[in-house]
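Enquirer: The opening position of the sequence shown corresponds to residue 1 in UniProt numbering, with each subsequent residue numbered one higher. Every residue gets a Cβ at the ideal spot worked out from N, C-alpha and C, and that includes glycine.
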Amino acid sequence: MQATATVLVYSDNANTREQVRLAAGRRPAADAPQIEILECATAPAVLTALEQGGIDVCVLDGETAPAGGMGVCRQIKDEIYRCPPVLLLIGRPQDAWLATWSRADAAVTHPLDPVAFADALAGLLRRRNLVQA
1 MQATATVLVY SDNANTREQV RLAAGRRPAA DAPQIEILEC ATAPAVLTAL EQGGIDVCVL
61 DGETAPAGGM GVCRQIKDEI YRCPPVLLLI GRPQDAWLAT WSRADAAVTH PLDPVAFADA
121 LAGLLRRRNL VQA
């Protein structure tokens, strides 16, 4: 198991970034590594961080403006070689089709349910083989 996993959180709303930090905790599941959160408030910051590498999972807020998480997700899936899995925060369950369009690997709705969020995040870390066997 990797010692720590880096989770990029993109939202223009500081409260949303804090909710993600609190819901993820130090580790989202018992078999998951401890996580380090890298916060980004702008789309250019997301692209720069991904180009530098070392990101294990992205959490993108679909309600962010002017560049929403759904559009950013679709862009990074097209432009970033070996793009890490993306967990998309959507405004309502009916937006799940937009999450599919954006090529997100998982989606959870606002307001964040900490259990559902941690479960989805841990699932993406498992897909990256960042959990104990």
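Rounded to a whole number of angstroms, what is the C-alpha to C-alpha distance between A29 and A118?
Expert: C-alpha separation (whole angstroms): 7 Å.
Enquirer: Exposed or buried, what is D3 when buried is set at 16 or more other beta-carbons lying within 10 Å of its beta-carbon?
Expert: Note that residue 3 is Ala in the sequence shown, not Asp. Flag for A3 reads exposed.
Enquirer: Could you tell me which residues DSSP pairs with T6 in its beta bridges?
Expert: DSSP output for T6 lists E36 as bridge partner(s).
Enquirer: Taking only three categories from DSSP, how would you classify F117?
Expert: DSSP places F117 in helix when its eight states are reduced to three.
Enquirer: Under the assumption that Y10 contacts L47 (Cβ atoms under 8 Å), give the Cβ distance between them as a whole number of angstroms.
Expert: About 10 Å; that fails the 8 Å criterion.
Enquirer: What is the rounded straight-line gap between the Cα of L89 and the Cα of T100?
Expert: Approximately 12 Å, taken between the alpha carbons.
Enquirer: Which residues in the same chain as Q6 place their Cβ atom closer than 7 Å to its Cβ, once the five residues preceding and following it in sequence are excluded?
Expert: Strictly speaking, residue 6 in this sequence is Thr, with Gln absent from that position. Cβ neighbours of T6 beyond the five flanking positions: E36, L38, G54, I55 and D56.
Enquirer: What would DSSP say about T109, mapped onto helix, strand or coil?
Expert: Three-state DSSP puts T109 in a strand.
Enquirer: Rounded C-beta distance between V115 and A104? I'm assuming under 8 Å.
Expert: In fact, because the Cβ distance is near 19 Å, the residues do not count as touching under 8 Å.
Enquirer: What is the rounded straight-line gap between the Cα of Q34 and the Cα of R27?
Expert: Between Q34 and R27, the C-alpha separation is close to 5 Å.
Enquirer: Between the alpha carbons of V72 and A14, how many angstroms are there, rounded?
Expert: About 18 Å.
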